[in-house]
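Enquirer: Just so we're aligned, residue 2 is where the sequence shown starts under the working numbering, counting upward by one. Beta carbons: idealized from backbone N, C-alpha and C, even for Gly. Note that the structure is a prediction, hence the values are computed from the model and not measured.
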Amino acid sequence: RRDIGEKELLGLILYNRSAFTSERRDYLGAVAPAVDAYALLEDDESYDRLITSL
Numbered sequence: 002r003r004d005i006g007e008k009e010l011l012g013l014i015l016y017n018r019s020a021f022t023s024e025r026r027d028y029l030g031a032v033a034p035a036v037d038a039y040a041l042l043e044d045d046e047s048y049d050r051l052i053t054s055l
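#1: Taking contact to mean at least 3 C-beta pairs separated by less than 8 angstroms, is the region 33-48 in contact with the region 9-22?
#2: Apply the 10 Å Cβ neighbour rule to Gly12 and answer buried if 16 or more other Cβ atoms are within range, or exposed otherwise.
#3: With a threshold of 16 other CB atoms inside 10 Å of the CB of Leu15, please say whether the residue is buried or exposed.
#4: Three-state secondary structure (DSSP) at Gly6?
#5: Starting from Asp49, follow the alpha helix (DSSP H) in both directions and report where the run begins and ends.
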């Protein structure tokens, strides 16, 4: 484990929201939180999750 800041916590929440909507087969709804996470974090992991949601 490691400490995370507010941005990372918000990113995790957005990742979870995207995953939850994907599991419900609401694929269009999963894109918005993935875009928001990438805009917030701008890292490789958020980019990969964004591409996966498309």
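Expert: With the structure as the only source:
#1: For the pair of segments examined, the region 33-48 was found to touch the region 9-22: the number of CB pairs separated by less than 8 angstroms reaches three.
#2: buried
#3: buried
#4: Of the three classes helix, strand and coil, the one that applies to Gly6 here is coil, per DSSP.
#5: Asp45 to Ser54
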